[in-house]
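Under the working numbering, think of the first position of the sequence shown as 63, with each following residue one higher.
Positions of the beta carbon are idealized from the N, C-alpha and C atoms, including for glycine.
As the structure is a prediction and not an experimental result, all values here were calculated from the model.
Working notes, beginning with the structure itself.
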Amino acid sequence: MAGLLKAASDVPVIDIAAAGLGTYFGAQEDINTYGRPARRWNNLVPTRPQPTSRATGSAGALLGTVARSGLFIGQVVLVLGTLLFVGLYVALLLAMLTPETIWERPARLAITDRLRSRGFDLSVS
Numbered sequence: 063m064a065g066l067l068k069a070a071s072d073v074p075v076i077d078i079a080a081a082g083l084g085t086y087f088g089a090q091e092d093i094n095t096y097g098r099p100a101r102r103w104n105n106l107v108p109t110r111p112q113p114t115s116r117a118t119g120s121a122g123a124l125l126g127t128v129a130r131s132g133l134f135i136g137q138v139v140l141v142l143g144t145l146l147f148v149g150l151y152v153a154l155l156l157a158m159l160t161p162e163t164i165w166e167r168p169a170r171l172a173i174t175d176r177l178r179s180r181g182f183d184l185s186v187s
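Pasting the structure below:
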């Protein structure tokens, strides 16, 4: 009976309910094969990174500077392109909302001239 209670306490019911039996047994197989993973989240003395050569750091700094400037240039191009296209759509919308669009006026004047040449008397405003 003691063995059964110990086995029951080792099975995390919430983990099985959340992830499913396949995930639980897969994780148990990995633990049995490779051992438990290292717990580093509560390490009070973190390890220091290994020092690198000065040349590698300089190349990394140069690469970072180029990447940051490219990011800024890309954002500027994106904003200008968006403003250009949105601005064109707004300008076309406003042009269509006027009583007489810029394309209708020359056509109306041409028709008026043609009718005047045929003898009709029209006033053009």
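Practice problem: Run through the segment 119-181 for me and flag every whole alpha helix (DSSP H) of 4 or more residues, listed as ranges in chain order. | Solution: 166-179
Quiz item: Considering only the beta carbon of each residue, do A169 and T163 sit closer than 7 Å?
Solution: Their beta carbons are not under 7 Å apart, which means A169 does not touch T163 by this criterion.
Quiz item: Cβ atoms of L159 and T174: under 7 Å apart, would you say?
Solution: For T174 and L159, no; Cβs fall outside 7 Å.
Self-check item: For A121 and R110, the rounded distance between their alpha carbons
Solution: 22 Å
Self-check item: Where D183 sits in the DSSP three-state scheme
Solution: coil
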